Each structure stands twice: as structure tokens, then as C-alpha cells.
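Participant: Supplied in C-alpha cells, the structure appears directly below.
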Amino acid sequence: MEYHRKTQEEPVQNLSFRECSWPFWPVVPIYPYGQRRTLRTEVVPNTIWTFEQVQGILYVVVPIRMTVVKLDQGGLLVYAPVAPTAECLRLMRELIAEYGDIKYIILPTISGIEHKVFVGPFARKFPQAQVFVAPGQWSFPINLPLSWLGLPLKRTYILPQNSQKTPFADEFDYRILGPLALGVGRFAEVAFFHRRSQTLLVTDTIVSIPDTPPTIVQLDPYPLLFHAKDDTFHKVENNETTRRRGWHRISLFSFYFRPSVLDTVELRDAFRESWQAPDRSKKAYFGIYPFKWKPNWQQSFEALRGNGRLFVAPILQTLILNRAPEETLIWANQVSEWDFNRIIPCHFDSPIRATPNQFRQAFNFLEKNSNNNLLPQEDFELLLEIDDILNKFKITPPSKPKI
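For the sequence shown, the UniProt record's numbering begins at 1 and goes up steadily by one.
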């Protein structure tokens, strides 16, 4: 099989409002709200495709990704659906016309609402498909039955612990992490391994940051330009350098929320400065920009990216997986036994050329006396503050000692 070929399909320009419309955005009211572009990419020729959209808060936008795999027996398997807009469905039906109907839809998480929210609407568009969901599904503030969450009652199944008990066992293995108890909720993720293409599919646990902004993010470059500003008064140009700077800063926001290289401006000062902003439109939040970047901010990004290495997102390191280090490492060891050579996560870069050993090394932060792959601790300040609050009020169980 050809290795790591990635054919970027040219996005259609000037789509109508209706083709990109997502009317259910108020359920999870995050950017880009009711308008979502979709970009389809062929990862493995005639075998694997990704469908990308964007999501974010305050213009901190990142890709969210669905993966489609052609089955040897005919038909398609869908991992982690995205919003079924008219554009997305058109691109999906082009594959169906050539490779057969969608047979299986996989919801590989129990806590990622940005993934869960699309499964029901997507499944209703393809009534012949069976839906398989990670065990331990929950909802807040009330635990509701799966059918009340929009999943089709008569064709939704819980993924069994033994992957050999599924109708797609001849082509896929999977391993379930969790559910991990987190007090108010639980965390779980199901990693899928497609044997023939040697491809690992993951949801949120593993990421890698590209140096340049992904194509789907550049379809509307405004968020990149917004975060490329050094301060309120900075007027930026739409060029490759500016978009790249904006992407680097968005990445720091995404993983740390408040990186150490960022100074926040008092709200009253931000309001006062907004009167002199070069753009005071509603789209620009009326000129309010309460951030100032320190001169060494780029060093923080380079330390985070690590030349495109695999790593576990800081929020998972600090608030979730450290609550169950032994269980997480067992899962990571099991996954690293598979013979994969590419990884497709649901966010940031994809596909990632990686070995099982590189995957396993990303979880070294859970081990004693390991300095491999550690991120700068000064950027964890806000996450550690959140961790202290969660522990103080016993909202989540405390972190456990490293293994």
C-alpha cells in the first residue's frame, strides 16, 4: 500500500449560505456557529478520507475531523462524525456512489460534546448504518438515555470490550481507555486500528501541531489575522507570515488557555484602548483586544510543537489522565502493540507519520524519572490553578502518583 500520500481536494468556492448551514449550532454555541465549511482529503488512495470543519471560542479555531474508511467487504465506516451540512453530505455521497453505503458509524468518546453532538443528526441522514458508541456514555446535568440524546434507538450499540465481537472485527482492532471517573463525569476514548492501511484513529488523546495553519482554517483567515495582532493598535496584513503567526498563537491558546508568554490587559484599559483600534467592527469585538504578547512568545510555541512531535494535550495531562496513570499506561501499551505507521487524530495535524514507539513515548509524563516529551511547566500555571480548585472542592478525584 502506498505510504502517506495525501491528496488535498480543491474546496469549492462561493458556496451558498444554505450549503454550509448548521441550524443546530445553539446546542453547542461555538464558532463558526451556523456556518461550517467542510474539506475532504484523501489520505490513503481509494481507502481513507478525512472530512474537516473548524470549531473554536473567541476565534481560537482548530480543525475537527471525521475519518471515513472503505471496507474490504464493500461500504464505509465513519469514525467521529462532523456536522452533516449540505456540503458535507454532498462530499459523503460522492464516496457512497463509488464505494457503497455507510455501514458503521463510530462515536469514540463519552465526554467530547463537540463530537457527540453530531452523531445523532449524522446517523439520521444514513438510516441503513449501525451506530456503535463508546461504553459509559453520560450527559449533564441529567443522565439521559441514548435515544434522548438523538441516537437512533433500534440501531445503536455499545462497543464491547472485545473488539472481535463486532461485525467489522476482520478489518479493525480497537482498545478502550476508561471510562475514567472524574467526579461530575467520566472520560473515555476508543482508538481504532485499521490493519490493511496500518492506520491508527484517535480522538483527543494524541495530537501534533503543524507549523503552518491547516487548509480548513485558512478558508476563512479572519481568526488567524485576529490573533496575529500584538496588541489593540496593531493593524495586520493578510499574508502567509501573518496567518502563520496567528496560527502559532491560536495553538498556545488552545492548549494552555493562558500561556506564560501572554499578558492580559485590564478590561477597563481594553475598553479605553478599543476607541483607537484600527477595526472597531462587531466582527472585531468592537476593537476590544485584551491581550499583549511578550517578545519571547515564539519560543513557547516551539517548545510546545517540538518539531511536530506527538504529545498529549496539557489539559489531559493535568486534569484527566493523571487521575488514572496506571490504566492510561496499560492502554497506551496495548495500542503501541499494533503495527501502525500513521495516526489520524480528530484535531490539529493529520495524517501524522508516527511509529508505535513514538505514540507510547507521548505518555511518558505519567512515569517517574522520565524527562522525555515534557512541556515547559511555566505554561501550565492556569491549568494547575484549575487543578487546585477541583481538588480543594473535591469536584474531581485527586491526581495519582506517577508509575
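Think of the CB as a built atom: it goes at the ideal place given N, C-alpha and C, for glycine as much as any other residue.
Only a predicted model underlies this, so the values are computations on that prediction, with no experimental measurement involved.
Go through the region 108 to 193 residue by residue and report every complete run of the beta strand (DSSP E) that reaches 3 residues or more, in order.
Facilitator: Taking only runs of at least 3 residues, the beta strand (DSSP E) segments lying wholly in the region 108 to 193 are 130 to 133, 156 to 158 and 172 to 181.
Participant: For N46 and K70, what's the separation of their Cα atoms in angstroms?
Facilitator: Roughly 7 Å between the two C-alpha positions.
Participant: Output needed for V202: all residues of its chain with C-beta closer than 6 Å, excluding positions within five of it in sequence on either side, in chain order.
Facilitator: A191 and P345, listed in sequence order.
Participant: Suppose you measure from the CA of W338 to the CA of Q317; what does that come to, to the nearest Å?
Facilitator: Looking at the two C-alpha atoms, the distance is approximately 23 Å.
Participant: Tell me whether the beta-carbon of I30 lies closer than 7 Å to the beta-carbon of I57.
Facilitator: Yes, Cβ-Cβ distance for I30 and I57 is below 7 Å.
Participant: Using a Cβ-Cβ cut-off of 6 Å (strictly less than) and excluding sequence neighbours within five positions of P290, which residues of its own chain qualify?
Facilitator: Around P290: T264, V265 and A270.
Participant: Assuming D48 is part of the beta strand (DSSP E), what are its boundary residues?
Facilitator: This sequence places Ile at residue 48; Asp is not what is there. Here the beta strand (DSSP E) through I48 covers I48 to I57.
Participant: I'd like to know if V27 contacts chain D, where contact means its C-beta is closer than 7 Å to some C-beta of that chain.
Facilitator: Checking the listed chains, one finds no chain D in this structure; it contains a single protein chain.
Participant: Less than 7 Å between the beta carbons of F126 and I102, yes or no?
Facilitator: Yes, the pair counts as a contact, with Cβ atoms nearer than the cut-off.
Participant: Below 6 Å CB to CB, which residues in the same chain sit around A277 once its five sequence neighbours on both sides are set aside?
Facilitator: Cβ neighbours of A277 beyond the five flanking positions: T232 and G287.
Participant: Excluding the 5 residues flanking A181 on each side, which residues of the same chain have their C-beta closer than 7 Å to its C-beta?
Facilitator: Contacts found: P397.
Participant: Under 8 Å: do the region 241 to 256 and the region 209 to 226 share three or more Cβ pairs, one atom per stretch?
Facilitator: Counting Cβ pairs under 8 Å, three or more are found: they touch.
Participant: Is Q35 helix, strand or coil by DSSP?
Facilitator: Residue state, collapsed to three classes: strand.
Participant: Report the three-state DSSP secondary structure of P290 (helix, strand or coil).
Facilitator: It is coil, neither helix nor strand.
Participant: For the candidate residues V261, W275, V312 and I176, whose alpha-carbon lies nearest to that of K294?
Facilitator: If we check each option's Cα against that of K294, V261 comes out closest.
Participant: Is it right to say residue 435 is buried, meaning 16 or more other beta carbons lie within 10 angstroms of its own, or is it exposed?
Facilitator: For the chain, the structure presents residues 1 to 403; residue 435 sits outside this window and is missing.
Participant: Mapping DSSP to helix, strand and coil, what is H248?
Facilitator: H248: helix per DSSP, three-state reduction.
Participant: In terms of residues, what are the limits of the beta strand (DSSP E) holding D263?
Facilitator: L262 to T264 is the extent of the beta strand (DSSP E) around D263.
Participant: Where do the ends of the beta strand (DSSP E) carrying Y79 lie?
Facilitator: Here the beta strand (DSSP E) through Y79 covers L76 to Y79.
Participant: Hey, how far is the Cα of F187 from the Cα of R272?
Facilitator: Cα to Cα, F187 sits roughly 43 Å from R272.
Participant: Can you tell me which of V54, S16 and T41 puts its alpha carbon nearest to the alpha carbon of Y33?
Facilitator: When only C-alpha atoms are compared, the closest one is V54.
Participant: If I measure Cβ to Cβ from V119 and keep anything under 6 Å in the same chain, skipping five residues before and after, which residues do I get?
Facilitator: Excluding residues within five positions, the ones whose Cβ falls inside 6 Å are P81 and L107.
Participant: Cα-Cα, which of V131, A134, Y256 and Y285 is closest to L267?
Facilitator: Out of V131, A134, Y256 and Y285, Y285 has the C-alpha closest to the C-alpha of L267.
Participant: Out of curiosity, what's the CA-to-CA distance linking A83 and R36?
Facilitator: Going from the Cα of A83 to the Cα of R36 covers about 8 Å.
Participant: Quick check on A362: buried or exposed, where buried means 16 or more other Cβ atoms within 10 Å of its Cβ?
Facilitator: Answer is buried; the Cβ neighbour count reaches 16.
Participant: For I183, I'd like the list of residues in its chain whose CB is within less than 7 Å of its CB, leaving aside the five on either flank, ordered along the chain.
Facilitator: A small fix is needed here, since residue 183 is Gly in this sequence, not Ile. Excluding sequence neighbours, G183 sits near I395, T396 and P397.
Participant: With distances taken between CB atoms, is the gap from L146 to Y104 smaller than 7 Å?
Facilitator: Not closer than 7 Å, so no.
Participant: Find out if the Cβ-Cβ distance for the pair K400, P325 is shorter than 7 Å.
Facilitator: It is a contact, given that the beta carbons lie within the stated cut-off.
Participant: Assuming D387 and L310 form a contact by the criterion Cβ under 8 Å, report the distance between their Cβ atoms to the nearest whole angstrom.
Facilitator: The Cβ separation is near 23 Å, so there is no contact.
Participant: Answer yes if the region 152 to 167 comes into contact with the region 131 to 143, meaning at least three C-beta pairs across the two stretches below 8 Å, and no otherwise.
Facilitator: Cβ pair count under 8 Å is three or more, so yes.
Participant: Throw me the rounded Cβ distance for the D349 and Y256 pair, which I believe falls under 8 Å.
Facilitator: About 18 Å separates the two Cβ atoms, so there is no contact after all.
Participant: Are the CB atoms of L329 and I403 nearer to each other than 7 Å?
Facilitator: Result yes, Cβ atoms of L329 and I403 sit closer than 7 Å.
Participant: So who's on the other strand from F311, going by DSSP bridges?
Facilitator: Beta-bridge pairing links F311 to V207.
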